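Undergrad: In terms of the working numbering, the sequence shown has 49 at position 2, counting the first letter as 1, and numbering is strictly consecutive.
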Amino acid sequence: MAQKITLSIPDLLHEKLKEWRTSFNFSKMFQDALTEAIQRKEEFQKRFSEDFDMSEIIKRLKQEKLIWEKKYFKLGKAEGLRWAKTIHYEDLLYVLQFNDTYKLISDPKMNEYFEQIYQTTDLAKYSNSSAVDHEQMFIDGWFKGVLEFWNQVKEKI
């Protein structure tokens, strides 16, 4: 049996919710987010109450890494799709023909755009660290979003 609860959200978020109500299953989204948050809390508590061996620790870290990578890939894909929908045809072709994916962020033509993306996401706080997995996952997702858009429109242009 399902139980009903009442949530409070800011006015701006409520306006967005009303706008997108038919596009999302908000109940399912909340259930998924709550389930994930509870699982993380329970796993955290479990780590303190049990002695794990090294294989269990590695297994847990691998799972957390996959979740983390998926987050940055999805973030990049959504941004790549958004960019592709709003950009000029010439710029779209420029990116599609670019040879070195990871050097695109420092390309003079794209540098300002990616700097802005870094500031509006949490990628900026990682940009000077030696670990670049988050950046690679974001860029891989970004290109995937651009390519998916291109594959949908190229035959129609």
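Idealized CB from N, CA, C, for every residue including glycine.
All of these numbers come straight from a predicted model, not from anything done at the bench.
Below 8 Å CB to CB, which residues in the same chain sit around W130 once its five sequence neighbours on both sides are set aside?
TA: Residue numbering aside, residue 130 sits at position 83 when the sequence shown is read from its first letter. Same-chain partners within the cutoff: Y160, W189, G192, V193.
Undergrad: Looking at F77 and T64, is the spacing between their C-beta atoms short of 8 Å?
TA: Numbered from its first residue, the sequence shown carries residue 64 at position 17. Numbered from its first residue, the sequence shown carries residue 77 at position 30. Note on residue identity: the sequence assigns Leu, not Thr, to residue 64. No, these two residues do not count as a Cβ contact at 8 Å.
Undergrad: From what residue to what residue does the alpha helix (DSSP H) around R129 run?
TA: The residue labelled residue 129 in the question sits at position 82 within the sequence shown. Unbroken alpha helix (DSSP H) run through R129: 101-133.
Undergrad: Confirm, please, whether the CB-CB distance from L170 to E162 is below 8 Å.
TA: Against the sequence shown, residue 162 aligns to sequence position 115. Against the sequence shown, residue 170 aligns to sequence position 123. Taking 8 Å as the Cβ cut-off, E162 and L170 do not qualify as a contacting pair.
Undergrad: So, at 7 Å on beta carbons, what are the nonlocal neighbours of L122 in its own chain, with the 5 sequence-adjacent residues on each side left out?
TA: What you label residue 122 is simply residue 75 of the sequence shown in a count that begins at 1. Here the set comprises T168, F185, G188.
Undergrad: Which class does Q86 belong to by DSSP, given the choice of helix, strand or coil?
TA: Counting from 1 along the sequence shown, the entry for residue 86 is found at position 39. Correct three-state label for Q86: helix.
Undergrad: Spatial neighbours of K124 within its chain, please: CB distance less than 6 Å, with the 5 preceding and 5 following residues excluded, ordered by chain position.
TA: For the purposes of this step, residue 124 is taken as residue 77 along the sequence shown, with counting starting at 1. Answer for K124: G188, K191, G192, listed in chain order.
Undergrad: Going by other Cβ atoms of all chains shown within 10 Å of its Cβ, with 16 needed for buried, is E126 buried or exposed?
TA: For the purposes of this step, residue 126 is identified with residue 79 of the sequence shown, where counting begins at 1. Under this definition E126 is a buried residue.
Undergrad: Nearest CA to the CA of K51: which residue from D138, K75, I104, F91?
TA: Counting from one through the sequence shown, the residue named residue 51 turns up at place 4. Closest option to K51, Cα to Cα, is K75.
Undergrad: Could you check the C-alpha separation between W115 and M48 for me, to the nearest Å?
TA: Sequence index remark: in the sequence shown, residue 115 carries index 68 (1-based). Sequence index remark: in the sequence shown, residue 48 carries index 1 (1-based). Using only the alpha carbons, I get a separation of about 33 Å.
Undergrad: Just to confirm, is the Cβ distance from L128 to W197 under 8 Å?
TA: Numbered from its first residue, the sequence shown carries residue 128 at position 81. Numbered from its first residue, the sequence shown carries residue 197 at position 150. No, these two residues do not count as a Cβ contact at 8 Å.
Undergrad: Going straight from the alpha carbon of I85 to that of N146, what length do you get?
TA: Here residue 85 corresponds to residue number 38 of the sequence shown, with the count starting at 1. Here residue 146 corresponds to residue number 99 of the sequence shown, with the count starting at 1. Each residue's Cα considered, the two are about 43 Å apart.
Undergrad: Would DSSP call S144 helix, strand or coil?
TA: By one-based count along the sequence shown, residue 144 stands at place 97. Checking the sequence shown, residue 144 turns out to be Gln, not Ser. Three-state DSSP puts Q144 in coil, outside helix and strand.
Undergrad: In whole angstroms, what is the alpha-carbon distance linking K201 and D79?
TA: Residue 201 sits at position 154 when you count from the first residue of the sequence shown. Residue 79 sits at position 32 when you count from the first residue of the sequence shown. The alpha-carbon atoms of K201 and D79 are separated by roughly 35 Å.
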